[in-house]
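Colleague:
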Amino acid sequence: MFSNEFVSPSPGFTGAAAERLIGCPRLLRARRAVLGRLPFMTLASDVVDIVYCTWTVDLARIEASRLVPPGVELVQRDGKTLFTILTYAHRHFGPALAGPLRRLFPSPLQSNWRFYVERFGGTRAPEPTVLFVKNVVDQAIYAIGSRVFSDALPSHLAQRFEHRAHAGGYSTLITGGRGSAPGFQCDAQRTTARVVLPDLAAFFGSWDDAVAQLSLQDAALSHVEDCARLAHARIDLPIDPHSAVPLHVPPAAASGAFLDGIGATGAPFCFVIPGAPFRVISERLI
Numbered sequence: 023m024f025s026n027e028f029v030s031p032s033p034g035f036t037g038a039a040a041e042r043l044i045g046c047p048r049l050l051r052a053r054r055a056v057l058g059r060l061p062f063m064t065l066a067s068d069v070v071d072i073v074y075c076t077w078t079v080d081l082a083r084i085e086a087s088r089l090v091p092p093g094v095e096l097v098q099r100d101g102k103t104l105f106t107i108l109t110y111a112h113r114h115f116g117p118a119l120a121g122p123l124r125r126l127f128p129s130p131l132q133s134n135w136r137f138y139v140e141r142f143g144g145t146r147a148p149e150p151t152v153l154f155v156k157n158v159v160d161q162a163i164y165a166i167g168s169r170v171f172s173d174a175l176p177s178h179l180a181q182r183f184e185h186r187a188h189a190g191g192y193s194t195l196i197t198g199g200r201g202s203a204p205g206f207q208c209d210a211q212r213t214t215a216r217v218v219l220p221d222l223a224a225f226f227g228s229w230d231d232a233v234a235q236l237s238l239q240d241a242a243l244s245h246v247e248d249c250a251r252l253a254h255a256r257i258d259l260p261i262d263p264h265s266a267v268p269l270h271v272p273p274a275a276a277s278g279a280f281l282d283g284i285g286a287t288g289a290p291f292c293f294v295i296p297g298a299p300f301r302v303i304s305e306r307l308i
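For the sequence shown, the working numbering begins at 23 and goes up steadily by one.
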């Protein structure tokens, strides 16, 4: 199985201390023993500028790369599967019980890299489910916090992370530096063309169908390396698919070494959701 080990982009004492804290097996065991007996603390945010970039890739290549944990089967058509990079800006991401005080919490940028799950644990996924293979944030407190307090969102800290809207569309830049965050660059331009790219036609019957299936997901899986199990998180992201705006990304305008490695090298199918409320409802090991 591929490694999702955390490596800090910061050299010296700060980066080394973060790596030792995150990699401490005693701390992980203690956290699971304590929090596993307590009710899950719902997390909330209002996310904006939610940009989806989706490619079709060869399933055999993905399986050979060992990105998919044992027992997980991906959605596939004719030997192809779907891979999405989903990038957005949080607005005050923190415990829902904080109520109005949640406005005091920071607003990180986040990028989720995911496949779409057909079956896991020997049965068909009971709800629309994704498999996270990479998660990137721009603030150390969220990268460290997600690693220490969660199994479902093993985040990496970017050396540089930009995600912004402009008059013509959206620009995203992620660099990892010496750290473990994967690099990604994308310049997406607004368009009026609501069309499904030819290589996605086997998965979706229309543009509206593609937007709904890619955005309306209720659960996420992650492989937990230290115990060789799956973490299952339930999420609530009530997106209105009719709010989606199509984006156009030329092939040369989206790039990254990870994308090259899995064969996601053509123009992605891309759209943006202006905003939606977001909740993490539960998490458990299965």
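Every residue, glycine too, gets a C-beta built ideally from N, C-alpha and C.
With DSSP as the reference, label residue 62 as helix, strand or coil.
Modeller: In the sequence shown, counting from the first residue as 1, residue 62 sits at position 40. Three-state DSSP puts residue 62 in coil, outside helix and strand.
Colleague: Kindly indicate the opening and closing residues of the beta strand (DSSP E) around residue 244.
Modeller: Within the sequence shown, numbered from 1, the residue matching residue 244 stands at position 222. 241-246 is the extent of the beta strand (DSSP E) around residue 244.
Colleague: State the DSSP-derived secondary structure class of residue 49, mapped to helix, strand or coil.
Modeller: As a position in the sequence shown, residue 49 is number 27, starting the count at 1. The three-state secondary structure of residue 49, taken from DSSP, is helix.
Colleague: Which whole-angstrom value describes the C-beta separation of residue 291 and residue 218, a residue pair presumed to lie in contact below a C-beta threshold of 8 Å?
Modeller: As a first step, residue 291 must be located in the sequence shown, where it is residue number 269. As a first step, residue 218 must be located in the sequence shown, where it is residue number 196. Sure, about 7 Å apart at Cβ, within 8 Å.
Colleague: Expressed to the nearest angstrom, what Euclidean distance is found between the alpha-carbon atoms of residue 80 and residue 221?
Modeller: Reading the sequence shown from its first residue, position 58 is the one you call residue 80. Reading the sequence shown from its first residue, position 199 is the one you call residue 221. Rounded to whole angstroms, the separation of the alpha carbons of residue 221 and residue 80 is 11 Å.
Colleague: Quick check: the region 232-243 against the region 58-66, are there 3 or more CB pairs under 8 Å?
Modeller: no
Colleague: Measuring alpha carbon to alpha carbon, tell me which of 89, 53, 125 and 43 ends up nearest residue 113.
Modeller: Counting from 1 along the sequence shown, the entry for residue 113 is found at position 91. Of 89, 53, 125 and 43, the residue nearest in Cα terms is 125.
Colleague: Under 7 Å Cβ to Cβ from residue 205, same chain only, skipping five residues before and after it: list those, please.
Modeller: Sequence index remark: in the sequence shown, residue 205 carries index 183 (1-based). Cβ within range, chain order: 196, 197, 198, 278 and 279.
Colleague: Once you ignore the five residues that flank residue 261 on each side, which residues in its own chain have a CB closer than 6 Å to its CB?
Modeller: As a working note, residue 261 is residue 239 in the sequence shown. 237, 295 and 298, listed in sequence order.
Colleague: Note the first and the last residue of the continuous beta strand (DSSP E) segment covering residue 177.
Modeller: In the sequence shown, residue 177 corresponds to position 155, counting from 1. That run of the beta strand (DSSP E) goes 177-179.
Colleague: Within 10 Å of its beta-carbon, does residue 184 have 16 or more other beta-carbons around it, so buried, or fewer, so exposed?
Modeller: The count along the sequence shown starts at 1 and reaches residue 184 at position 162. Exposed is the call here.
Colleague: Measuring CB to CB, does residue 162 end up less than 7 Å from residue 175?
Modeller: Here residue 162 corresponds to residue number 140 of the sequence shown, with the count starting at 1. Here residue 175 corresponds to residue number 153 of the sequence shown, with the count starting at 1. In this structure, the beta-carbon distance from residue 162 to residue 175 does not fall below 7 Å.
Colleague: Say whether chain D places a C-beta atom closer than 7 Å to the C-beta of residue 83.
Modeller: Absent here is chain D; the protein component of the structure consists of one chain.
Colleague: What is the residue span of the alpha helix (DSSP H) that residue 132 lies within?
Modeller: The residue given as residue 132 occupies position 110 in the sequence shown. Premise fails: residue 132 lies in the beta strand (DSSP E), 131-142, not in any alpha helix (DSSP H).
Colleague: Mind checking which residues open and close the beta strand (DSSP E) that includes residue 304?
Modeller: Looking up residue 304 in the sequence shown gives position 282. Start and end: 291-307.
Colleague: What's the C-alpha gap between residue 181 and residue 272?
Modeller: On the sequence shown, position 159 is the one that residue 181 refers to. On the sequence shown, position 250 is the one that residue 272 refers to. One C-alpha to the other measures close to 26 Å.
Colleague: For the candidate residues 61, 307, 28 and 171, whose alpha-carbon lies nearest to that of residue 250?
Modeller: For the purposes of this step, residue 250 is taken as the residue at position 228 of the sequence shown. Among 61, 307, 28 and 171, the Cα nearest to that of residue 250 belongs to 307.
Colleague: Flag this pair as touching only if the region 86-105 and the region 29-41 have three or more C-beta atom pairs under 8 Å; answer yes or no.
Modeller: no
Colleague: Determine the extent of the beta strand (DSSP E) in which residue 6 is found, giving its start and end residues.
Modeller: Outside the shown range of the chain, which is 23 to 308, sits residue 6, and nothing can be said about it.
Colleague: Just reading off the beta strand (DSSP E) that residue 195 is part of, what are its end residues?
Modeller: On the sequence shown, position 173 is the one that residue 195 refers to. 191-197 is the span of the beta strand (DSSP E), which, as asked, contains residue 195.
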